[in-house]
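Asks: Counting from 1, one number per residue, gives the positions in the sequence shown under the UniProt record's numbering. Where a beta carbon is used, it is the ideal one built from N, C-alpha and C, also for glycine. Provided herewith is a single structure, encoded as structure tokens, for subsequent inquiry.
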Amino acid sequence: MTRSPSPKRLCTGDNKRDENGLEREKELEREKRKEIVENVQKIEEELEQLSIEKVEEVLAVETKYIVKTRDVYVKRNELLSEIPHFWKQVFLRHPVVGRYLNKNDGKMLMEYLQTFDIFVDNIGSFRIQLIFHENPYFSPTILWKQFDLLEEEWIVSTDGDQGLAKIMKEELWKNPVKYFVTNNNDNRDKDESDVDESDEEEDKDIEDEEEEDDDADALESV
């Protein structure tokens, strides 16, 4: 007659089957997680490739745009060269640049400034160029300085002039007429105000003279 397994032995066998089942579930979970991670890595590689393609396309567009705008800037400089001391006035009338030049004895150099130019590349770096007439202060008459853009930050020379360079590029170079015309308008408004005040004073003098004449006539009649 076959003996039935004892409860103790039966319980031990069930525990082993449960442990094997848990281990199998954990293994399947690890395999699934590994598969998910590998798929995500492939997607990230795809995104990285798209990012590279984007940069290449943006640089191509930037290069094309720089070539087109360069021709326009050349035309603008040709027109501005017909206005005597145009760039001198623009530099000195800018609230920040003008104060800097006056503080550092740069005002006298502006008397010889002929042309101001900026050359930009497709990664954001740029070169500032100043062309002067013959002068007793320095030679050669073409001064330039390169400002490089690295990791999307302003990386320039170590003498602390990056703020001034940015102003020259973003304000003076892009819209010089704003500073040339605005100051002229201010002067014109001031002149008109002076004329108005002068007219008012003249009218008042005439009124005073008329009152004096009336008083004199009244005295004569007495």
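1) Assign Arg24 to one of two classes, buried (16 or more other C-beta atoms within 10 Å of its C-beta) or exposed (fewer than that).
2) Please identify the residue among Arg70, Lys75 and Asp121 whose C-alpha is closest to the C-alpha of Val58.
3) Identify whether Phe138 lies in helix, strand or coil by the three-state DSSP scheme.
4) Looking only at its own chain, which residues have a Cβ that is under 7 Å from the Cβ of Ile167, when we skip the five neighbours before and after it?
5) Taking the continuous alpha helix (DSSP H) assigned at Leu101, which residues delimit it?
6) Give the straight-line distance between the Cα atoms of Ile52 and Ser139, rounded to the nearest whole angstrom.
7) Leaving out the 5 sequence neighbours to the left and right, which residues in its chain are closer than 7 Å to Ser193 when beta-carbon positions are compared?
8) Identify every residue that forms a DSSP beta bridge with Met120.
9) Considering Ile83, what are the terminal residues of the alpha helix (DSSP H) in which it resides?
10) Could you check the C-alpha separation between Phe91 and Val61 for me, to the nearest Å?
11) Please identify the residue among Lys169, Leu149, Tyr65 and Val181 whose C-alpha is closest to the C-alpha of Gln129.
12) Quick check: what's the CA-CA separation for Pro176 versus Ile131?
13) Which residue comes first and which comes last in the alpha helix (DSSP H) that contains Lys166?
14) Ignore the nearest five residues each way along the sequence and tell me which others in Glu45's own chain have a CB closer than 6 Å to its CB.
15) In angstroms, rounded to a whole number, what distance separates the CA positions of Asp148 and Arg127?
16) What span of residues does the alpha helix (DSSP H) with Leu109 cover, start to end?
17) When every heavy atom of the ligand ATP is checked, does at least one fall within less than 8 Å of the C-beta of Asn135?
18) Drop a sphere of 10 angstroms on the beta-carbon of Tyr179, count the other beta-carbons inside from all chains shown, and report buried for 16 or more, exposed for fewer.
19) Could you compute how far the alpha carbon of Ile36 sits from the alpha carbon of Val67?
20) Would you list the residues sitting across from Leu113 in a DSSP beta bridge?
21) For Asn20, which residues from the same chain have a beta carbon less than 8 Å from its beta carbon, with the 5 sequence-adjacent residues on both sides left out?
Replies: To lay it out plainly:
1) Against the sequence shown, residue 24 aligns to sequence position 24. Exposed is the call here.
2) Translated into positions along the sequence shown, residue 58 becomes position 58. When the alpha-carbon of Val58 is set against those of Arg70, Lys75 and Asp121, the nearest one is in Asp121.
3) For the purposes of this step, residue 138 is identified with residue 138 of the sequence shown, where counting begins at 1. In this structure, Phe138 counts as coil in the three-state DSSP scheme.
4) Walking along the sequence shown from the start, residue 167 turns up at place 167. Take Ile167, set aside five residues on each side of it, and the residues of its chain with a beta-carbon closer than 7 Å to its own are Val96 and Val97, in chain order.
5) Here residue 101 is taken as the residue at index 101 of the sequence shown, counted from 1. It spans Pro95 to Lys103 - the alpha helix (DSSP H) in which Leu101 sits, taken as one unbroken run.
6) Reading the sequence shown from its first residue, position 52 is the one you call residue 52. Reading the sequence shown from its first residue, position 139 is the one you call residue 139. One C-alpha to the other measures close to 45 Å.
7) As a working mapping, residue 193 is identified with position 193 in the sequence shown. Low per-residue confidence applies at Ser193: pLDDT is 49, beneath 50, and the placement is therefore not dependable, though the value from the model is reported in the following sentence. Hits under 7 Å: none found.
8) In the sequence shown, residue 120 corresponds to position 120, counting from 1. With the sequence shown as reference, residue 120 is identified as Val, and Met is not the correct amino acid for it. Paired residue(s): Phe126.
9) In the sequence shown, the residue the question calls residue 83 occupies position 83. Annotation for Ile83: no alpha helix (DSSP H) segment contains it, and DSSP assigns it neither H nor E.
10) The residue given as residue 91 occupies position 91 in the sequence shown. The residue given as residue 61 occupies position 61 in the sequence shown. C-alpha separation (whole angstroms): 32 Å.
11) Against the sequence shown, residue 129 aligns to sequence position 129. It is Lys169.
12) Start at 1 with the first residue of the sequence shown, and residue 176 comes out as number 176. Start at 1 with the first residue of the sequence shown, and residue 131 comes out as number 131. Each residue's Cα considered, the two are about 16 Å apart.
13) Your numbering for residue 166 matches position 166 in the sequence shown. Start and end: Gln162 to Ile167.
14) Residue numbering aside, residue 45 sits at position 45 when the sequence shown is read from its first letter. The beta carbon of Glu45 sits closer than 6 Å to none of the beta carbons in its chain outside the five residues before and after it.
15) By 1-based counting over the sequence shown, the position of residue 148 is 148. By 1-based counting over the sequence shown, the position of residue 127 is 127. Separation of Asp148 and Arg127 (C-alpha to C-alpha, rounded to the nearest whole angstrom) is 8 Å.
16) Taking the sequence shown and counting its residues from 1, the one referred to as residue 109 is at position 109. Start and end: Lys107 to Met110.
17) For the ligand ATP, the structure offers nothing, since it holds no ligand at all.
18) Counting from one through the sequence shown, the residue named residue 179 turns up at place 179. By the neighbour-count rule (16 or more Cβ atoms within 10 Å), Tyr179 is buried.
19) The count along the sequence shown starts at 1 and reaches residue 36 at position 36. The count along the sequence shown starts at 1 and reaches residue 67 at position 67. About 47 Å.
20) Looking up residue 113 in the sequence shown gives position 113. BP columns for Leu113 point to Phe132.
21) Indexing the sequence shown from 1 puts residue 20 at position 20. Its chain contains no residue whose beta carbon lies nearer than 8 Å to that of Asn20 once the 5 sequence neighbours on both sides are disregarded.
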